[in-house]
Amino acid sequence: MTSQALLASSTSRIRSLVALMTLMLVTIATASFATVANNLGGVNYFELAGIPLFAILFAWIAFSFCLATLGFVALWRERIETVRRVDDAAPVEPLSIGLEGESRERTAVLMPIYNESPDRVMAGVKAMLLDLREHSLQDKFDFYILSDTTNHGTWIREEVAWSELTRSLDLTDGVFYRHRPHNTCRKAGNIADFVERWGSRHEFMIVLDADSLISGATLGEMVRRMRQDDRLGILQVPPVPIGRSSLFARLQQFAASVYGPIFVKGFSLWAGGEGNYWGHNAILRVEAFRMHCDLPVLPGKPPLGGEILSHDFIEAALLVQAGYKVEIATDLGDSYEECPTTLADYAQRDQRWCQGNLQHSKLLASENLRPLSRLHLSCGIMAYLASPIWVLFTGLCMAGMIVDTQDFSGTSRIDSYSGALAIFSVSMVMLLLPKLWSVLLVCQSQREMKLRGGLLMLVMSSLLETVFSVLLSPIMAIYHTRFVVAALRGKSIRWSAQQRDEHGVTWSDALSQFVVITLAGMLVTFLLAQFAPALLPWFSPLLVGVVFSIPLAVAMGSRKIGLALRSIGALLIPSEIDPPSVCQHLQRALEDAKTTARYSDQVDWFEDLIHNPRTFAIHAAIQKSTVEGAAMPIHQFKALEAAFATGGADNIPLESRSALLHDIDTLKRLHLQTQQ
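So the sequence shown is numbered by my numbering: it starts at 55 and just counts up by one.
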C-alpha cells in the first residue's frame with residue numbers, strides 16, 4: 055500500500071494541505087505576536103520592524119513542521135503492518151536486485167575526487183565492487199574515478215592506488231581512472247566532461263562523492279527502477295552519515311538516523327515527481343542529463359555571479375522543466391556518506407554551500423523553471439538567510455523589550471510577557487515534536503530500538519542531541535550570518551578540498567576560531583545583566599552556547615568523548631550494531647590500507663614517478679589512454695632538465711610539474727636519465 059493511498063490524497067492535495075496548514079499557523083502566530091507586543095504598551099518601532107521578520111521565521115518553522123508531520127503519519131501507518139508481521143526478526147530484504155530486461159549495458163558509477171585520500175577513495179570503490187560480486191552484479195556496472203586533484207603527489211598516488219585496486223581484485227575491466235588537466239567548473243565540470251567523453255556508452259550514471267558508499271543491492275535496485283520508468287530522470291537515494299567517532303559527528307549521525315526519515319518522507323510525498331537532487335548517491339539518465347543540464351554562467355562577478363557552485367538543485371530543476379521526474383527513494387537503504395567531525399569543518403563546508411545557494415537567487419525569476427523548482431531554490435536560499443534574519447530579529451526583540459521595561463512603571467511589567475512566553479513555547483514545541491515523533495517511530499519495533507542501544511539509551515541519546523543542538527544553534531547562526539554578509543559584500547571563498555579526516559580540536563585552535571564569538575556573547579550577557587536583568591533568563595539558552603563556544607568546540611571534536619559515549623550505548627546508529635556487508639567490506643579495506651598508507655606517507659611521489667619504472671609506467675599508460683598531452687617547448691624542457699640535473703626532482707618548480715606530468719615524452723627523457 056502506497057503512502058499516497060494511506061493518506062488518501064494525491065500529490066497536489068498534499069501540497070495544498072501543507073500550504074494551508076503553514077499559512078494558518080503563520081497567520082495565528084503572527085497575529086498573536088503583534089497582539090502581545092501591543093499589550094505591552096503599544097507596538098514600538100523595534101517591535102514593528104520585528105513583526106515581518108517573525109512571520110518569515112515562523113513560516114520556515116511551520117513548513118518544516120508540516121512536512122515532518124506528514125512524514126511521521128505516513129511512516130507510522132506503513133510500519134504498523136511490518137511490526138504486526140514480524141516484530142523481533144530481521145526484516146526481509148526488500149530490494150529486487152535482478153536487473154530486468156535483456157539489455158547488457160553497464161551502468162556508470164562516477165566518483166569525482168579532488169585532493170582526497172587515495173586510500174579512502176579506493177577502499178570505498180573496493181567495498182562496493184565486493185558487495186556487487188556477492189549479489190552477482192559485478193558485470194552490470196563500470197566504475198569511473200574522475201580526478202580533479204591539483205596536488206601532484208596525491209595525483210600520482212591516486213594512479214598507483216587505482217593500479218593496486220585492479221590488481222588486488224584481478225580486474226581487467228570495469229574500473230577506470232581519469233585525471234582532468236584543468237578542473238574547470240569543479241565537480242559539475244568533472245561530470246560534464248565524463249558525459250561528453252564516455253556518456254554515450256551508458257544509459258544511466260550513478261553519481262557519488264569521495265566518501266559515498268552504496269550497497270550492491272541498492273545499486274541494482276536503482277537501475278531496475280530507472281528501467282521501469284522512461285520518464286524518471288533522477289532517482290535520489292537519501293544518504294545516511296556513518297563512520298565517524300567525534301562527539302560532533304556522532305550527534306549528526308544519530309540525528310540523521312533517527313530524525314531524518316520523517317523529514318525525507320514528508321518532503322518526498324510533498325514534492326512527488328518534482329523532487330530534488332543532492333549531488334551524490336543518486337542515479338541519473340545520461341542522455342536526458344546531456345541534453346538538458348547544461349548549466350548557465352550567471353551574470354556578474356563571483357561570489358553571486360559566474361560559474362554555478364551548487365549545481366545539483368539546478369540540474370534537478372532543468373530535468374523537471376524538460377518533462378522528466380525527479381524522485382526520492384525513501385524506501386531504499388544502505389546509502390551512506392561521511393560528515394564533518396568538528397564544528398569548524400562543518401562551518402567551512404556550510405560556507406561553500408551558502409555561497410552556492412545564494413547564487414540561486416539570480417535564477418528564481420527564470421521563466422524556464424517550474425513553480426515548485428523555484429520553491430526548492432528559495433528553500434535552499436532560506437536555509438542560510440534564516441540565520442541573519444534570526445539574529446536581526448533577536449536584536450530587535452531585545453531592544454523592544456528594553457524599551458517596554460523602561461516606558462512602563464510597576465513591578466508586574468515583566469509578568470506581562472507571559473504571552474510572549476507562550477509564543478516562544480509554541481515555537482519550541484514545533485521544533486521539538488518531530489524529534490519525539492521520530493523516537494516513537496523507532497519504538498514501533500523492538501529490533502529498531504536494539505539497533506540504537508535500547509529504549510533507555512534511545513531516549514537519553516535524543517535528550518543529549520537536543521541539548522547540544524540548542525547550544526550549537528546560535529553559534530551556527532552567527533557563522534551563517536557572517537557567510538551571508540561576506541557573500542553580499544562580494545567576498546568569494548576559495549573552493550578547496552574538504553577536510554574528511556578526524557583530527558580533533560586543540561585549545562589554541564578553538565581559541566583562535568571562537569574568541570570573537572565568545573567575547574561577543576560575554577558582552578551581550580553583561581549588557582543584559584546590567585541594564586535589563588529581567589530579560590537575561592529569556593536569552594540565556596542562546597547565550598550559554600556562545601559564551602562557552604571554545605570548550606564546546608574542543609568537546610565537539612573529541613573522539614575520546616564520542617567513543618566513551620559509544621561504549622555505554624549512547625548515540626548509536628544501526629550500522630554500528632549490525633553493519634551491512636558493504637560497510638564490513640569498507641572496514642576491512644581500510645584496515646588493509648593502513649600498512650600501505652604508512653608507506654605512502656613517507657614517499658615523495660613526484661620523485662618516485664621519475665625514478666620508479668612501475669610508477670612511471672602506470673602514469674604513462676593512463677595519460678596516453680585518457681588525455682591528449684601537449685609537448686613542452688624545447689626551452690622549457692631544457693630548463694627543467696638543467697634543474698633536474700643539479701638538484702633532482704625537488705629542484706623542479708611546482709608551477710612546472712603539472713605541465714611535465716602531462717608531457718609524457720619529456721617526462722620519459724627524465725625518467726630514462728635515472729635508469730642509466
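Glycine residues also receive a C-beta, built at the ideal position from the N, C-alpha and C atoms.
Evaluate Phe-585 with the Cβ neighbour count: other Cβ atoms within 10 Å of its Cβ, from every protein chain shown; 16 or more gives buried, anything less gives exposed. exposed
Enumerate, from N- to C-terminal direction, the unbroken alpha helix (DSSP H) stretches of 4 or more residues contained entirely within the segment 284 to 351. 301 to 312, 314 to 325, 340 to 346
Kindly indicate which residue of Gln-500, Val-291, Asp-404, Arg-160 has the alpha-carbon position closest to the one of Ile-134. Gln-500
Looking only at its own chain, which residues have a Cβ that is under 7 Å from the Cβ of Thr-650, when we skip the five neighbours before and after it? Asp-173
Closest by C-alpha distance to Cys-497, when choosing among Tyr-313, Met-530, Tyr-378: Tyr-313
Near Cys-408, which residues of its chain fall below 8 Å by C-beta distance, leaving aside the five closest residues on each side in sequence? Tyr-438, His-534, Phe-537, Val-538, Ala-541
Cβ of Ala-474 within 7 Å of Cβ of Val-90? yes
Going by beta-carbon coordinates alone, are Gln-165 and Leu-397 separated by less than 7 Å? Reading off the sequence shown, one finds Met at residue 165, where the question assumed Gln. In this structure, Leu-397 does not lie closer than 7 Å to Met-165 by Cβ.
Inter-residue Cα distance where the pair is Leu-715 and Ser-201: 14 Å
Is Glu-147 helix, strand or coil by DSSP? Its pLDDT being 47, under 50, Glu-147 is placed unreliably in this model, and the value from its coordinates should be taken loosely. If DSSP states are grouped into helix, strand and coil, Glu-147 belongs with coil.
In the structure shown, what three-state DSSP assignment does Leu-617 receive? helix
My output table needs one value for Glu-392: the three-state DSSP class, helix, strand or coil. coil
On the criterion of 16 or more Cβ atoms from any shown chain inside 10 Å, does Gln-306 qualify as buried, or is it exposed? buried
Measure the CB-CB distance between Asn-169 and Asn-205 and report whether it falls below 7 Å. yes
Pull up the distance between the alpha-carbon of Ser-64 and that of Ala-128, whole angstroms please. 13 Å
Integer-rounded CB distance, given that Ser-635 should sit under 8 Å from Asp-185: 6 Å
How do the segment 216 to 232 and the segment 316 to 327 stand: do at least 3 beta-carbon pairs fall below 8 Å, yes or no? no
Using the Cα positions of Leu-590 and Leu-487, report the straight-line distance between them to the nearest angstrom. 26 Å
Which runs of the alpha helix (DSSP H) fall wholly inside the segment 486 to 535 and span at least 4 residues, in chain order? 500 to 504
Since Val-214 and Thr-680 are thought to touch, with beta carbons under 8 Å apart, how far apart are those beta carbons, to the nearest angstrom? Incorrect: roughly 16 Å between the Cβ atoms, too far for contact.
Taking C-beta to C-beta, are Glu-369 and Cys-347 nearer than 7 Å? yes
Reduced DSSP secondary structure (H/G/I, E/B, other) of Pro-353: coil
In terms of residues, what are the limits of the beta strand (DSSP E) holding Arg-232? 229 to 233
Which residue comes first and which comes last in the alpha helix (DSSP H) that contains Asp-399? 397 to 413
Nearest-angstrom Cβ-Cβ length linking Glu-391 and Ser-266, presumed shorter than 8 Å: 6 Å
With distances taken between CB atoms, is the gap from Trp-444 to Leu-124 smaller than 7 Å? no
What are the partner residues of Ile-167, as DSSP defines its beta bridges? Ser-201
Limits of the unbroken alpha helix (DSSP H) element including Phe-585: 561 to 585
Mapping DSSP to helix, strand and coil, what is Phe-602? coil
Which residues mark the beginning and the end of the alpha helix (DSSP H) in which Lys-379 is found? Counting along the chain, Lys-379 falls outside any alpha helix (DSSP H), though it belongs to the beta strand (DSSP E) covering 379 to 382.
Would you mind stating whether Tyr-378 and Gly-449 have Cβ atoms separated by less than 7 Å? no
Near Gly-410, which residues of its chain fall below 6 Å by C-beta distance, leaving aside the five closest residues on each side in sequence? Leu-363, Ser-364
Taking the CB atoms as reference points, tell me whether Ile-718 and Ala-674 lie closer together than 7 Å. yes
Please report the straight-line C-alpha distance between Arg-285 and Arg-339, rounded to a whole angstrom. 9 Å
To the nearest angstrom, how far is it from the Cα of Ser-594 to the Cα of Ile-316? 30 Å
Identify, in the order they occur along the chain, each residue of the same chain with its Cβ nearer than 6 Å to the Cβ of Ile-468, setting aside the five sequence neighbours on each side. Caution applies to Ile-468, whose pLDDT of 48 falls short of 50 and renders its modelled position unreliable; the value that the coordinates give is listed next. Ala-588.
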